[in-house]
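Per the numbering used here, the very first residue in the sequence shown carries number 61; after that it's consecutive. Shown next, in structure tokens, is the structure this report addresses.
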Amino acid sequence: MLVVQELNQFYGGSHTLRSVSMTAERGQCTALLGRNGVGKTTLLKCLMGVLPVASGSVHFEGQDITRKSSYERSRMGIAYVPQGREIFARLTVLENLQMGMANKPAREARSIRPDIYELFPVLKDMLQRRGGDLSGGQQQQLAIARALVADPRMIIFDEPTEGIQPSIIKDIERVIALLRSRGDIAILLCEQYFDFARALADRFVVLSRGEVVASGSADRMDGEDVRKHLAV
Ligand SMILES: Nc1ncnc2c1ncn2[C@@H]1O[C@H](COP(=O)(O)OP(=O)(O)O)[C@@H](O)[C@H]1O
Ligand SMILES: [Mg+2]
Numbered sequence: 061m062l063v064v065q066e067l068n069q070f071y072g073g074s075h076t077l078r079s080v081s082m083t084a085e086r087g088q089c090t091a092l093l094g095r096n097g098v099g100k101t102t103l104l105k106c107l108m109g110v111l112p113v114a115s116g117s118v119h120f121e122g123q124d125i126t127r128k129s130s131y132e133r134s135r136m137g138i139a140y141v142p143q144g145r146e147i148f149a150r151l152t153v154l155e156n157l158q159m160g161m162a163n164k165p166a167r168e169a170r171s172i173r174p175d176i177y178e179l180f181p182v183l184k185d186m187l188q189r190r191g192g193d194l195s196g197g198q199q200q201q202l203a204i205a206r207a208l209v210a211d212p213r214m215i216i217f218d219e220p221t222e223g224i225q226p227s228i229i230k231d232i233e234r235v236i237a238l239l240r241s242r243g244d245i246a247i248l249l250c251e252q253y254f255d256f257a258r259a260l261a262d263r264f265v266v267l268s269r270g271e272v273v274a275s276g277s278a279d280r281m282d283g284e285d286v287r288k289h290l291a292v
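Structure, rendered in structure tokens:
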């Protein structure tokens with residue numbers, strides 16, 4: 061569904077992504093692993109069109125999207141749950157969810173799909189609260205819900221467990237597992253929390269200093285060649 065070929069990206073003179081190639085398939089969860097600072101977020105931003113690439117290509121469902129804007133990518137069905145959540149702190153929960161539907165015709169964008177509240181019951185009671193008043197875990201759930209209201213065909217998570225309390229991590233794991241079981245959505249899960257990624261992944265890709273250094277099916281994730289590239 062997603063095919064990344066030979067992607068290169070620079071911040072000024074520093075070569076941040078080095079000829080990165082990878083894929084993500086429909087109905088599967090692909091884990092993107094690697095220590096702090098290896099280029100995971102940079103790669104995801106390039107996939108979303110938030111950052112330009114120097115060379116290489118990104119194809120989504122057979123279409124070359126390398127030069128498309130993030131708005132166009134979102135309309136094509138790619139949703140993004142950014143690192144640090146990036147909730148609109150001064151907007152209400154409901155308004156944050158409506159922002160997630162900005163790519164839809166106004167008529168459709170008025171009401172929130174009821175299954176969103178089944179996935180995240182806590183949000184239903186908080187629709188008029190400001191995003192900034194929610195706890196970190198609630199904000200993460202809101203960021204995921206905001207991505208899901210767009211009815212994505214692919215969803216990209218950037219470290220969804222970072223700074224989140226264990227009980228909410230479990231809730232988030234259940235939601236991602238449910239999305240995976242639907243079979244019609246491609247999930248790209250960037251994580252440093254190995255056990256969380258291990259529980260959900262079908263396949264994995266490991267980045268180190270901007271390069272893909274290992275990849276394969278999830279049953280190979282526990283190997284020493286993978287572990288040595290992850291957090292201490
Ligand atoms: N906006 C930026 N300008 C310059 N360098 C950056 C910027 N963002 C990230 N970097 C650097 O690029 C490298 C990769 O960062 P990042 O993609 O955030 O890594 P990760 O998500 O794997 O922790 C790091 O060395 C980081 O310091
Ligand atoms: Mg990051």
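Even for Gly, the Cβ is constructed at its ideal location relative to N, Cα and C.
In this chain, the beta strand (DSSP E) harbouring valine 266 covers 263-268.
In the structure shown, methionine 214 falls within a strand segment according to DSSP collapsed to helix, strand and coil. Inclusion of asparagine 163 and arginine 189 in the CB contact set at 8 Å is not warranted, their separation being larger than that value. A straight-line Cα-Cα distance of about 11 Å links lysine 184 and glutamine 198. Around the beta-carbon of lysine 105, 16 or more other beta-carbon atoms lie within 10 Å, marking it buried.
Non-local beta-carbon contacts of phenylalanine 180 in its own chain, meaning distances under 7 Å to residues more than five positions away in sequence, involve Gln201, Ala205 in chain order.
Per DSSP, phenylalanine 256 is one residue of the alpha helix (DSSP H) stretching across 254-260.
Shown here, serine 129 sits in coil according to DSSP, grouped into three states, outside any helix or strand. Relative to valine 265, the option among Leu248, Gly144, Ala259, Gly192 whose CA is nearest is Leu248.
Exclusion of glutamate 271 from the 7 Å shell around ligand 2 follows from its C-beta lying no nearer than that to any non-hydrogen atom of the ligand. Within its own chain, the residues whose Cβ lies closer than 6 Å to the Cβ of isoleucine 216, once the five positions on either side in sequence are excluded, are Leu104, Tyr140, Leu248, listed in chain order. Pairing methionine 61 with arginine 86 gives a Cβ-Cβ distance under 8 Å. Secondary structure at glutamate 178: helix, using DSSP grouped into helix, strand and coil. Distances taken from the Cβ of asparagine 156 to the heavy atoms of ligand 1 include none shorter than 7 Å. Ranked by Cα distance from glycine 94, the first of Thr152, Ala274, Leu154 is Ala274.
Assignment of beta-bridge partners to arginine 95 by DSSP yields no partner. The Cβ atoms of threonine 90 and arginine 240 do not sit closer than 8 Å to each other. Judged by pairs of C-beta atoms under 8 Å, the segment 208-215 touches the segment 225-245, as three or more such pairs exist.
About 6 Å separates the Cβ atoms of leucine 267 and glycine 99, confirming a contact at the 8 Å cut-off.
In the DSSP assignment, serine 227 falls within the alpha helix (DSSP H) that extends over 226-242.
Taking all protein chains in view, the Cβ of glutamine 88 is crowded by 16 or more other Cβ atoms within 10 Å, so the residue is classified as buried. Contact fails between the segment 216-233 and the segment 65-77, because fewer than three Cβ pairs, one in each stretch, are under 8 Å apart.
Of the candidates Glu155, Ser129, Glu121, the residue whose Cα lies closest to the Cα of valine 113 is Ser129.
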